[in-house]
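See below for the structure under consideration.
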Amino acid sequence: MPAKRGRYFEFNVQPVTLELDANGRVNGVRFLRTRLGEPDAQGRRAPSPIAGSEFVMPADAVIMAFGFHPHRMPWLESVGVQLDGRGRIPRAR
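Just so we're aligned: the sequence shown equals residues 563 to 655 in the working numbering.
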């Protein structure tokens, strides 16, 4: 789904692996499409993979994001990315 300024949002997918070029640099992310299963006892619908639905999304860079709080990544600052006082990348104004 194309979005403004080169951002893309894909829903109901899970990452499988990073795709690398001959020099070992990332050039994409391999994903697997999922669908939500039936609700469990708590009402949560867990994703289940759709067989044969893998696809690669081309990428020049990949930011690994997980959890609920930012963690400082030293390599970000070493390549010139500015961080705010809480370790987050500030949005452009």
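Think of the CB as a built atom: it goes at the ideal place given N, C-alpha and C, for glycine as much as any other residue.
Bear in mind the structure is a predicted one, so any value in this text is a computation, not a measurement.
When you compare the CB positions of L594 and R607, do they come within less than 8 Å of one another, or not?
No.
Can you tell which of V641, E572, P609 and A623 has its C-alpha closest to the C-alpha of R587?
Taking only the C-alpha atoms, the option nearest R587 is A623.
Buried or exposed: which applies to V575, given that a residue is buried once 16 or more other Cβ atoms fall within 10 Å of its Cβ?
Flag for V575 reads buried.
Taking the alpha-carbon of V591 as reference, which of A584, P577 and D583 has the nearest alpha-carbon?
Looking at the Cα atoms, P577 is the closest of the given residues.
Name the two residues that bound the continuous alpha helix (DSSP H) containing E639.
Note, E639: alpha helix (DSSP H), P636 to S640.
E572 to F617, Cα distance in whole Å?
Their Cα atoms are separated by approximately 11 Å.
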